Amino acid sequence: MLQYAAIVLLMLGLYGLLTQRNIIKIIISLNILEIGLNLFIVSVGFVDGGLAPIFTSVNNSSNLVFVDPLPQALVLTAIVIGVGTTALGLALAKNIYQKYGTFEIDEMGEE
Amino acid sequence: MKNILALVFTLFLGFMIITALSNNDAFPKYGETDVITRVSQKYLDRSVNGNPGEIVFREATDLESGPANTVTAIVADYRSFDTLGEVTVLFISSLGVALLLGGTKQRRIELDFHPNFMLRVGSRALFGIILMTGIYISIHGHLTPGGGFPGGTMIASSMLLLYLADDEFRAKIKGFKILESAAGSAYVIIGLLGLLLGSYFLENLLNNGVLGDLFSAGMIPIIYVLIGLKVGSEISGVIDNFLTEEGV
Amino acid sequence: MTLISIVEIVISVLLVVLAFLAINSKSLIKAVMFLSSLSMLAVIGFVLMKAPDVAVTEAVIGSGLVTSLFVFTLLAVRKVGNKI
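As you go down the protein sequences, you meet chains A, B and C in turn.
Residues in the first sequence are numbered consecutively from 1, following my numbering.
Residues in the second sequence are numbered consecutively from 112, following my numbering.
Residues in the third sequence are numbered consecutively from 360, following my numbering.
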């Protein structure tokens, strides 16, 4: 069920990215797209009844059934890169507001 | 017109993803994947280059890759070249923000609300607790969930608290820039040391102790402390760039 | 239907509803608050899928960092005096 919610989040984020006219709304849609994508990638590696992939004093042998750890390592990198993209986009939006006085794409005239 | 075209395109993409999901080899049904047929079983058994048998917590010594947390073993040992790429992407984005919003002779942005004395002094107590939690999570990355990246962001969150609770506070940015550059270069130099002394770039030079001890997993706690310091000072620099403007 | 599957269905429905509200809202600060709570529900989703590393990273970044960066950008708008 979480996998289908992740796909709907992907679709909603892409729709917002294509049709919104406000720069802050475009960056919010990009963030929704990235949350949906990370949920989807982690859900590919889920095993019903598996354990979290850490050796502890309770789960102490390697013969137990673990959840797939490789998609989690990839998503760890993807979350941090999403933060970098958002920070750069917001710095650009701040400078755009100081030059043109508005956040809407339709109202920025030729300067 | 454009909205309807975007809607049709998005629905088509969703339909293609869902029909590709139904019972392929690459995408089994949700919750029924067989980890043994994937390459991740070799990461879990630490048997990429040979087979050490069954791994028991606090008894297996000198494995191929030491951490008890398998995700840390993948991020910092098996695929640490990807981590170097991620550190580079964060550096580029922090550089871009500093170029766009920086300058010389800066002061804090004037707002129309001023925090009072209790808030300014009382937040210093909370700053110490958050900093301690960030350092703890960053050091114990090979035993508990977490690691360098959330630990560094928690260190930056403690600086964010000081910025929010005080109207005139500015951190020492020059010290943060020197710390960030030193930590980033130390990571690359450790990798080059592996190339010179060992056989490949970013090799684990110290020996992996007993699985589950604090001083185990070779060089990986040192690498995670360096990454935590680098990420923390980078994001503190980004927050400082957002809250200052030109002026005297 | 065990308790965990009921929680899973409720979280999935809430995720979709919050994303739809965040895109279609008229004021910008409300959209930022919806994005922040969407992040928190995604952390619960990650815990339900047995991924603690990813959950800790997303919790720290989604609640502390991205929300505060959005609010700092919107503060620059408030300074000039426009109504957002």
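We put the beta carbon where it would ideally sit given N, CA and C, even for glycine.
Note that the structure is predicted; figures quoted are calculated from it, not measured.
Can you check DSSP and say which residues form a bridge with residue i?
i, result
"Ile51 of chain A", "As written in the sequence, residue 51 of chain A is Leu, which differs from the Ile given in the question. Paired residues: A:Phe66."
"Ser61 of chain A", "B:Val167"
"Glu356 of chain B", "B:Arg218"
"Glu104 of chain A", "A:Asn22"
"Asn180 of chain B", "A:Ile54"
"Gly142 of chain B", "A:Val47"
"Gly172 of chain B", "One detail in the question is off: residue 172 of chain B reads as Thr in this sequence, not Gly. According to DSSP, Thr172 of chain B bridges with B:Val321."
Can you find a CB in chain C that lies within less than 8 Å of the CB of residue i?
i, result
"Val75 of chain A", "yes"
"Leu70 of chain A", "no"
"Phe353 of chain B", "yes"
"Ser204 of chain B", "no"
"Ile331 of chain B", "no"
"Val58 of chain A", "no"
"Ser344 of chain B", "no"
"Val65 of chain A", "no"
"Ile79 of chain A", "yes"
"Thr86 of chain A", "yes"
"Leu222 of chain B", "yes"
"Ser347 of chain B", "no"
"Glu268 of chain B", "A small correction: the amino acid at residue 268 of chain B is Ser; Glu does not occupy that position in the sequence shown. It does: the Cβ of Ser268 of chain B has a partner Cβ on chain C nearer than 8 Å."
At a Cβ threshold of 8 Å, is residue i touching chain A?
i, result
"Met392 of chain C", "no"
"Phe326 of chain B", "no"
"Lys409 of chain C", "yes"
"Gly404 of chain C", "yes"
"Ile129 of chain B", "yes"
"Glu143 of chain B", "yes"
"Leu387 of chain C", "yes"
"Gly323 of chain B", "yes"
"Val376 of chain C", "no"
"Tyr247 of chain B", "no"
"Gly125 of chain B", "yes"
"Arg219 of chain B", "no"
Against chain B, with Cβ distances strictly below 8 Å, would residue i count as a contact?
i, result
"Ile363 of chain C", "no"
"Ile420 of chain C", "yes"
"Met11 of chain A", "yes"
"Gln3 of chain A", "yes"
"Leu434 of chain C", "yes"
"Thr102 of chain A", "no"
"Glu15 of chain A", "Glu is not the amino acid found at residue 15 of chain A; the sequence shown has Tyr there. For Tyr15 of chain A, the answer is yes, since a Cβ of chain B falls inside 8 Å of its Cβ."
"Thr416 of chain C", "yes"
"Ile7 of chain A", "yes"
"Phe429 of chain C", "no"
"Ile105 of chain A", "no"
"Ser380 of chain C", "Note on residue identity: the sequence assigns Leu, not Ser, to residue 380 of chain C. Answer no: the Cβ-Cβ gap between Leu380 of chain C and chain B never drops below 8 Å."
"Ile131 of chain A", "The structure shown does not extend to residue 131 of chain A, since chain A is modelled only from 1 to 111, so the question has no answer here."
"Gly440 of chain C", "Here the model assigns Gly440 of chain C a pLDDT of 49, short of 50, so the residue's position is not dependable and the matter cannot be decided."
Around the C-beta of residue i, are 16 or more other C-beta atoms found within 10 angstroms, so that it is buried, or is it exposed?
i, result
"Phe126 of chain B", "exposed"
"Gly109 of chain A", "exposed"
"Lys25 of chain A", "buried"
"Gln3 of chain A", "buried"
"Gly233 of chain B", "exposed"
"Val419 of chain C", "buried"
"Ser347 of chain B", "buried"
"Gly239 of chain B", "exposed"
"Thr148 of chain B", "exposed"
"Asp68 of chain A", "buried"
"Leu362 of chain C", "exposed"
"Val359 of chain B", "exposed"
"Leu407 of chain C", "buried"
"Asn441 of chain C", "At Asn441 of chain C the pLDDT is 47, less than 50, meaning the model places this residue with poor confidence and gives no usable figure here."
"Gln72 of chain A", "buried"
"Ser57 of chain A", "exposed"
"Pro226 of chain B", "exposed"
"Ile105 of chain A", "exposed"
"Asp188 of chain B", "buried"
"Phe40 of chain A", "buried"
"Lys283 of chain B", "exposed"
"Glu279 of chain B", "exposed"
"Glu175 of chain B", "buried"
Which residues in chain F have a C-beta closer than 9 Å to the C-beta of residue i? List them in chain order.
i, result
"Leu92 of chain A", "Structure shown: chain F not included; protein chains present are A, B and C."
Q) What are the residues of the region 252-266 of chain B that lie near chain C, defined by any Cβ-Cβ distance shorter than 8 Å? A) Pro256, Gly257, Gly258, Phe260, Pro261, Thr264, Met265
Q.
As an exercise, report each continuous alpha helix (DSSP H) stretch of at least 4 residues that is fully enclosed by the region 305-344 of chain B, in chain order.
A. none
(Q) Output needed in chain order: residues of the region 22-50 of chain A with a Cβ under 7 Å from some Cβ in chain C. (A) Ile24, Lys25, Ile28, Ser29, Asn31, Ile32, Ile35, Leu39, Val42, Ser43, Phe46, Gly50
Q. Where in the region 202-230 of chain B do unbroken runs of the alpha helix (DSSP H), each at least 4 residues long, occur, reported from the N-terminal end onward?
A. none
Q: Could you list the residues in the region 174-200 of chain B with a C-beta less than 7 Å from some C-beta on chain C, going in chain order?
A: Val182
Q: With 7 Å as the limit, tell me which residues of the region 271-300 of chain B have their beta carbon closer than that to any beta carbon of chain C; keep them in chain order.
A: Leu271
**Q.** Residue ranges of each alpha helix (DSSP H) within the region 410-436 of chain C, 4 or longer
**A.** 411-419
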